[in-house]
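Numbered according to my numbering, the sequence shown terminates at residue 204, and the numbering increases by one at each position without gaps. Notes to accompany the following structure.
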Amino acid sequence: MSNPEHVEIFKQGVEVWNRWRNEHRAIMPDLSGEDFSGAQLDDVRLSFADLRGTRFHAAQLQRAYFVSSNLSEADFSQAQLIEGHLDSARIMNANFCQANLQRAKVRQAKLYAANLNGADLRHANLSRAGLSSARLDGADFSPPYWIGTSWSMWILARPEDLKPPSIKVHPMSGSAPWYARSPTSLWHFWRAQAKALQQSQHYV
Numbered sequence: 001m002s003n004p005e006h007v008e009i010f011k012q013g014v015e016v017w018n019r020w021r022n023e024h025r026a027i028m029p030d031l032s033g034e035d036f037s038g039a040q041l042d043d044v045r046l047s048f049a050d051l052r053g054t055r056f057h058a059a060q061l062q063r064a065y066f067v068s069s070n071l072s073e074a075d076f077s078q079a080q081l082i083e084g085h086l087d088s089a090r091i092m093n094a095n096f097c098q099a100n101l102q103r104a105k106v107r108q109a110k111l112y113a114a115n116l117n118g119a120d121l122r123h124a125n126l127s128r129a130g131l132s133s134a135r136l137d138g139a140d141f142s143p144p145y146w147i148g149t150s151w152s153m154w155i156l157a158r159p160e161d162l163k164p165p166s167i168k169v170h171p172m173s174g175s176a177p178w179y180a181r182s183p184t185s186l187w188h189f190w191r192a193q194a195k196a197l198q199q200s201q202h203y204v
């Protein structure tokens, strides 16, 4: 349940909220379960916040900060998160369907079972992010940055729905698996894995 005091401050606008956050950095804001659909929230500071189940449907969140926040089961469908900061965020079972995450930083975030269907992740940095059981139909990852990203059992209804037209792989220094050694081999690896899963009826 959200903190009424935090909600009241947040509703006064981004400038007031950001100033309050700068003055109270030790406080963990609690806006869980609130509805901010369609709100104009560019540059908002929501790092280290409890945002479980919060609705940001179609909200304007360009350059917004959600670093290390709990976004589990939050709704960001159709939200504009261009150049957003979601590093180390907990994003389990969250809805990012058709969200715009171009150039967003999602490093080390936990996106277990997140819905990324139709999301625009072009130039997003997903280094060491966890995408296990995430839904990716129609998601655009071109070109991605995914050093150490975990993809186990990601869900794709059709392999051809994944859109990486110009993949650029940035492997960790030292040895790398064969599918991370060229701009095209990872795409072939993805398609092979997707088809294998489809044939073994692992899709849901």
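Glycine is no exception: its CB is placed at the ideal position from the N, C-alpha and C atoms.
- Taking 8 Å as the cut-off, the Cβ atoms of L86 and A104 count as close.
- If you check the CB distance, F36 and A59 come in under 8 Å.
- A distance below 8 Å separates the beta carbons of E34 and T54.
- Here the alpha carbon of C97 sits roughly 12 Å from the alpha carbon of L81.
- Between L111 and G84, the gap from beta carbon to beta carbon reaches 8 Å or more.
- Under the three-state reduction of DSSP, N18 is assigned to helix.
- The beta carbon of N3 sits closer than 6 Å to those of D30, all from its chain and outside the five residues before and after it, given in chain order.
- Looking only at R128, G13 and W17, the smallest Cα-Cα distance to S47 is reached by W17.
- In the structure shown, H6 adopts helical secondary structure according to DSSP, grouped into three states.
- If you draw a 10 Å sphere on the C-beta of A26, you find fewer than 16 other C-beta atoms in it, and that means exposed.
- Between the C-alpha atoms of V67 and L136 there is a straight-line separation of about 23 Å.
- If the five residues before and after R107 are omitted, its C-beta is found closer than 8 Å to the C-beta atoms of D87, S88, N125, L126, S127, R128 and A129, all from its own chain and listed in chain order.
- For the 8 Å CB-CB criterion, V14 and L51 do not form a contact.
- Bridge pairing for Y112: absent [DSSP].
- M1 is classed as exposed because its beta carbon has fewer than 16 other beta carbons within 10 Å across all chains shown.
- Spanning the alpha carbons of H6 and H123 requires a straight line of approximately 33 Å.
- Taking 8 Å as the cut-off, the Cβ atoms of N70 and R45 do not count as close.
- Taking the C-beta atoms as reference points, A119 is found nearer than 8 Å to A99.
- Closest option to S142, judged by alpha-carbon separation, among M92, N95 and L121: L121.
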